[in-house]
Amino acid sequence: QKLKGTGTLATLRPLSEEERAILLKAYSDDRGGLANTYPRSNAVKRIRLTLLSPASDEFRSAIDQYCQRKIIKGVPSLGWDLSSLYLMEQKHGETTKYVLAKDPLDVENHAVYLQLTALVDSYIASLASSDTFPNDAATVHPPSTLLWAWYLRVILYEQSSQHAQGIALINKCIEHTPTAVDFYELKSRLLEKGGDVQQSADVIDAGRDLDHQDRYINNQATRTLLRAGRMEEARKRISLFTRHEGNPEQNLYDMQCSWYELEVADCYRRKGELGRSLRKYMAVIKHYQDFHEDQFDFHMYCIRKVTLRSYCKMLNFEDELWGLPHYGQAAEETIKIHLQMADHPSLMKNEDEK
358 QKLKGTGTLA TLRPLSEEER AILLKAYSDD RGGLANTYPR SNAVKRIRLT
408 LLSPASDEFR SAIDQYCQRK IIKGVPSLGW DLSSLYLMEQ KHGETTKYVL
458 AKDPLDVENH AVYLQLTALV DSYIASLASS DTFPNDAATV HPPSTLLWAW
508 YLRVILYEQS SQHAQGIALI NKCIEHTPTA VDFYELKSRL LEKGGDVQQS
558 ADVIDAGRDL DHQDRYINNQ ATRTLLRAGR MEEARKRISL FTRHEGNPEQ
608 NLYDMQCSWY ELEVADCYRR KGELGRSLRK YMAVIKHYQD FHEDQFDFHM
658 YCIRKVTLRS YCKMLNFEDE LWGLPHYGQA AEETIKIHLQ MADHPSLMKN
708 EDEK
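Here is the structure:
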């Protein structure tokens with residue numbers, strides 16, 4: 358199994374005490390240990406967290422230091438980085454494997470989540486009263502440290518689906534620093550998960566106005582506006598990063614921008630415009646058919662240029678092509694629309710009239 362990021366053997370299955378001791382020694386700061394050899398390596402510090410038992414004092418101390426360091430630096434991704442520690446045992450026949458806890462109830466009752474919430478709450482209380490962390494009263498930190506502690510707490514609220522508490526706290530972050538785009542994105546996400554898609558679209562669009570050069574936040578605003586059914590506004594947003602001459606929809610089709618076409622198709626389907634929706638879904642399917650056909654040109658190119666590593670990656674990609682999420686979504690929705698039209702022929706007449 359291919360591991361991603363800081364995944365280790367300890368994130369795949371429970372370790373025996375002997376295995377855990379060997380790996381901890383390898384990542385220790387003793388002479389010859391990786392932490393001693395690479396004292397500035399973030400990966401070494403992060404991987405060590407996966408090896409420690411969540412019930413141990415050593416784990417609490419290590420995750421405390423890790424969180425403080427990231428909060429001081431203002432790392433927005435800290436909450437989702439730590440979410441990979443929410444591991445649950447799952448039986449597969451005679452073997453036991455780890456899976457990530459995704460259900461909000463499982464997350465809320467997970468030992469690591471409970472430790473994180475207690476830690477972050479203590480950070481917030483201490484920073485709000487004295488600008489220091491609980492275990493380091495000598496070092497005074499700037500106001501931004503409390504801000505990122507709030508942000509991490511909002512992420513924890515989001516992971517356990519406590520949307521109302523998260524929105525209340527992210528509002529404090531926005532009041533403190535109204536120019537941080539990350540706060541608007543997080544508030545928009547919480548509102549959408551809470552069911553208020555229109556307000557979510559307004560918030561993410563306000564965040565987009567803070568930085569017109571940020572393609573990512575522009576795409577997020579486009580996606581949320583489409584989910585809110587505001588097609589024309591979404592088209593104006595996405596056209597900011599397409600070629601200005603000609604039709605932006607055609608440019609996005611030529612660029613094989615599948616995520617946008619799927620969101621537009623979903624928007625049409627929710628409005629009952631099945632014909633337009635079907636055309637967009639079929640456009641995505643056509644992209645994947647082109648991917649499949651283009652591999653034949655790539656075969657000769659790789660042999661001629663002797664780019665064997667790229668060739669192997671291409672073969673692996675083609676093996677998984679028809680199982681990729683965007684293709685699966687487009688194919689599934691296309692089938693649903695055809696079945697709906699077969700069951701209700703009057704819908705076809707309505708589409709012809711349009």
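If you're matching positions, the sequence shown starts at 358 in my numbering and goes up one per residue.
The C-beta atom is built at its ideal place from N, Cα and C for all residues, glycine as well.
None of the values given here were measured: they were computed from a predicted structure.
task: List in chain order: all unbroken alpha helix (DSSP H) runs of 4+ residues lying wholly within the region 503 to 576.
output: 520 to 533, 538 to 550, 554 to 565
message: With the cut-off set at 9 Å, would you say ALA419 and LYS430 are in Cβ contact?
response: no
- prompt: Can you give, in chain order, each stretch of the alpha helix (DSSP H) that sits fully within the region 597 to 677 and has at least 4 residues?
  reply: 605 to 611, 615 to 628, 631 to 662, 665 to 676
field: Contacts around VAL621, its chain only, beta-carbon distance under 7 Å, and the 5 residues preceding and following it disregarded
entry: Correct list, in chain order: LEU583, LYS637.
field: For ASP493, three-class secondary structure by DSSP
entry: strand
field: Start and end residues, alpha helix (DSSP H) containing THR394
entry: 391 to 394
field: Those runs of the alpha helix (DSSP H) which lie wholly inside the region 358 to 438 and span at least 4 residues
entry: 374 to 383, 391 to 394, 399 to 408, 414 to 430
message: Less than 8 Å between C-beta atoms, sequence neighbours within five positions excluded: which residues of the same chain meet that for LEU408?
response: THR365, ALA367, LEU372, ARG377, LEU380, LEU381, TYR384
message: Within the continuous beta strand (DSSP E) that includes LYS593, where are the two ends?
response: Segment 588 to 595 is the alpha helix (DSSP H) holding LYS593; no beta strand (DSSP E) there.
message: Rounded to whole angstroms, what is the Cα-Cα separation between GLN577 and LYS662?
response: 38 Å
- request: Spell out the partners DSSP gives THR453 in its beta bridges.
  value: LYS448
field: Where PHE416 falls, given that 16 or more other Cβ within 10 Å makes a residue buried
entry: buried
query: Are the beta-carbon atoms belonging to ILE481 and ARG510 less than 9 Å from one another?
result: yes
query: LEU442 lies in the alpha helix (DSSP H); which residues open and close that run?
result: Neither: LEU442 is in no alpha helix (DSSP H) and is coded neither H nor E.
- prompt: Could you give the C-beta distance for THR452 and GLU446, rounded to a whole number, given that I count them as a contact under 8 Å?
  reply: The Cβ separation is near 11 Å, so there is no contact.
- request: Using a threshold of 9 Å, state whether the C-beta atoms of LYS628 and GLY586 are closer than that.
  value: yes
message: Closest to HIS520 by C-alpha separation, out of LYS544, VAL497, TYR645, would be which residue?
response: LYS544
message: DSSP three-state label for PRO702, please.
response: coil
message: Using the Cβ count rule (16 or more neighbours within 10 Å means buried), how would you classify GLU475?
response: Here residue 475 turns out to be Ala, not Glu, going by the sequence shown. Its Cβ having fewer than 16 others within 10 Å, ALA475 is exposed.
message: Short of 6 Å in beta carbon distance, which residues of its chain neighbour LEU435, apart from the five on each side in sequence? Order them along the chain.
response: Cβ neighbours of LEU435 beyond the five flanking positions: LYS427, LEU509.
query: Under 9 Å between the Cβ atoms of CYS614 and ALA591?
result: no
- prompt: Rounded to whole angstroms, how far is the Cβ of SER596 from the Cβ of THR581, which I believe are closer than 8 Å?
  reply: Rounded, the Cβ-Cβ distance is 16 Å, inconsistent with contact.
message: Determine whether the beta carbon atoms of VAL538 and LEU548 lie at a separation below 9 Å.
response: Contact flag unset, no.
task: May I have the straight-line CA-CA distance separating GLN652 from GLN607, to the nearest angstrom?
output: 24 Å
Cα-Cα separation, ALA699 to LEU609: 31 Å
field: Of the residues ARG370, SER703, PRO605, TYR541, the one placed nearest ASP566, counting alpha carbons only
entry: TYR541
query: Smallest Cα separation from ASP553: which of ILE574, ASP654, ILE524?
result: ILE524
message: What does the Cβ neighbour count give for SER424, buried or exposed, with the cut at 16 atoms within 10 Å?
response: One detail in the question is off: residue 424 reads as Cys in this sequence, not Ser. CYS424 counts as buried, since at least 16 other C-beta atoms from the protein chains shown sit within 10 angstroms of its C-beta.
Nonlocal neighbours in the same chain, by C-beta distance under 6 Å from SER517, ignoring five residues either side: PRO461, VAL464, GLU465
message: Could you tell me the alpha carbon to alpha carbon distance between GLU675 and HIS649, rounded to whole angstroms?
response: Taking the straight line from one Cα to the other gives about 7 Å.
message: In this structure, how does DSSP classify ALA688 when only helix, strand and coil are distinguished?
response: helix
- request: Specify the secondary structure class of LYS459 as computed by DSSP and reduced to three states.
  value: coil
query: Going by the C-beta, is TYR617 closer than 8 Å to any heavy atom of the ligand ADP?
result: The model depicted lacks the ligand ADP and carries no ligand whatsoever.
field: DSSP-derived helix/strand/coil call for PRO753
entry: Here the chain has residues from 358 to 711 only, and residue 753 is not among them.
- prompt: Between which two residues does the alpha helix (DSSP H) harbouring LYS681 extend?
  reply: Here residue 681 turns out to be Leu, not Lys, going by the sequence shown. For LEU681, no alpha helix (DSSP H) run applies, since DSSP gives it neither H nor E.
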